[in-house]
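Chemist: Below you'll find the structure I mean.
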Amino acid sequence: MSSFSTGRVAPGASAPASPDPSSFQLHDVQWHLPDGRPLWQEPLHLSIGRERLGLVGRNGVGKSVLAQILAGRMPSAGTALRSGPVHLVAPPLLPQDKRSVGEAMGLGPRLAAVGRLVTGLATPDDLVLADGHWDLPARVAQALAEAGLPGLQPADAMAGLSGGERMRVALAGAMAADVHSVILD
-18 MSSFSTGRVA PGASAPASPD PSSFQLHDVQ WHLPDGRPLW QEPLHLSIGR
32 ERLGLVGRNG VGKSVLAQIL AGRMPSAGTA LRSGPVHLVA PPLLPQDKRS
82 VGEAMGLGPR LAAVGRLVTG LATPDDLVLA DGHWDLPARV AQALAEAGLP
132 GLQPADAMAG LSGGERMRVA LAGAMAADVH SVILD
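Going by this note's numbering, the sequence shown opens with residue -18, and the numbers climb by one from there.
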């Protein structure tokens, strides 16, 4: 069951307990614009369980900011809890995107760590980053094939891809990621 409230919590009330699997909890979350004004009139209180949820609103009301906060990519005031790894699929960038396919999939650092391990050039940090993800190159290849991009490689440039292909790369990243939740922005 989802609930959304912008009401205040009573003084002395504590943040919610850790979320259950595949869920998010926001308590007193607020994000401020560069000029210091809060994006939302009231701090957000939100609990999302395992169900699918859509958020609709006018441009500029903070949907993308909220997606970034839920995914743990943007700091905010208040408490934002997530039960496990989250993959954020953001709209693809313009054709002059300088990233590689692997980076655009949101898997660049982990793919690079696994690659260094395979070649014997790994650092201790690579061992931590790659741990449990030894099959990532195979998952990436499978996800790209399932997205209709079977010849594409993680090192390929995004710049030469069409808008539809760039979106399929982003969705393939969600398919290849070992996460509990996916957020589509």
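Yeah, the Cβ is synthetic: ideal placement off N, Cα and C, and Gly gets one too.
Relative to the alpha-carbon of Ala124, which residue among Val160, Gly30 and Arg149 has its alpha-carbon at the smallest distance?
Modeler: Residue 124 sits at position 143 when you count from the first residue of the sequence shown. With distances taken between Cα atoms, Ala124 lies closest to Arg149.
Chemist: Which stretch, first to last residue, makes up the beta strand (DSSP E) that contains Val109?
Modeler: Walking along the sequence shown from the start, residue 109 turns up at place 128. Where Val109 is concerned, there is no enclosing beta strand (DSSP E), although the alpha helix (DSSP H) it sits in stretches over Pro105 to Ala111.
Chemist: Check the DSSP bridge columns for Gln135 and list the partner residues they point to.
Modeler: The residue labelled residue 135 in the question sits at position 154 within the sequence shown. Here the sequence assigns Pro to residue 135, which means Gln is not the residue at that position. None, per the DSSP bridge assignment.
Chemist: So is His13 buried or exposed if we call it buried at 16+ other beta carbons inside 10 Å?
Modeler: For this step, residue 13 is matched to residue 32 along the sequence shown. His13 is exposed by the Cβ-count criterion.
Chemist: Please report the residue range of the beta strand (DSSP E) in which Gln123 lies.
Modeler: Residue numbering aside, residue 123 sits at position 142 when the sequence shown is read from its first letter. Note, Gln123: premise wrong, no beta strand (DSSP E); alpha helix (DSSP H) at Leu117 to Glu127.
Chemist: So, under 8 Å CB-CB, Met139 and Arg80 are touching, yes? Tell me the CB distance rounded to an integer number of Å.
Modeler: As a working mapping, residue 139 is identified with position 158 in the sequence shown. As a working mapping, residue 80 is identified with position 99 in the sequence shown. So it is a contact: roughly 5 Å between Cβ atoms.
Chemist: Specify the secondary structure class of Arg149 as computed by DSSP and reduced to three states.
Modeler: Locating residue 149 in the sequence shown gives position 168, where the first residue counts as 1. Arg149: helix per DSSP, three-state reduction.
Chemist: My guess is that Val70 and Leu20 are in contact by the Cβ rule of under 8 Å, so how many angstroms apart are they, rounded?
Modeler: Here residue 70 refers to the residue found at position 89 of the sequence shown. Here residue 20 refers to the residue found at position 39 of the sequence shown. No, Val70 and Leu20 are not in contact; Cβ-Cβ is about 22 Å, not under 8 Å.
Chemist: Just tell me which of Ala93, Leu102 and Gly144 has its CA closest to the CA of Ala136.
Modeler: Taking the first residue of the sequence shown as 1, we reach residue 136 at position 155. The shortest Cα separation from Ala136 among Ala93, Leu102 and Gly144 belongs to Ala93.
Chemist: For Pro2 and Asp166, what's the separation of their Cα atoms in angstroms?
Modeler: Along the sequence shown, read from residue 1 onward, the residue named residue 2 stands at position 21. Along the sequence shown, read from residue 1 onward, the residue named residue 166 stands at position 185. Note that Pro2 scores a pLDDT of 49, beneath 50, so its modelled location is shaky and nothing firm can be said.
Chemist: Sorted by chain position, which residues of the same chain lie with C-beta nearer than 6 Å to Gly83's C-beta, five sequence neighbours on each side aside?
Modeler: For this step, residue 83 is matched to residue 102 along the sequence shown. Within the same chain, Gly83 has close Cβ partners Gly89, Leu92 and Pro135.
Chemist: Mind checking who Thr60 pairs with in its DSSP beta bridge?
Modeler: Along the sequence shown, read from residue 1 onward, the residue named residue 60 stands at position 79. Bridge partners of Thr60: His8.
Chemist: How long is the line joining the alpha carbons of Leu117 and Ala155, rounded to whole angstroms?
Modeler: Counting from 1 along the sequence shown, the entry for residue 117 is found at position 136. Counting from 1 along the sequence shown, the entry for residue 155 is found at position 174. Cα to Cα, Leu117 sits roughly 12 Å from Ala155.
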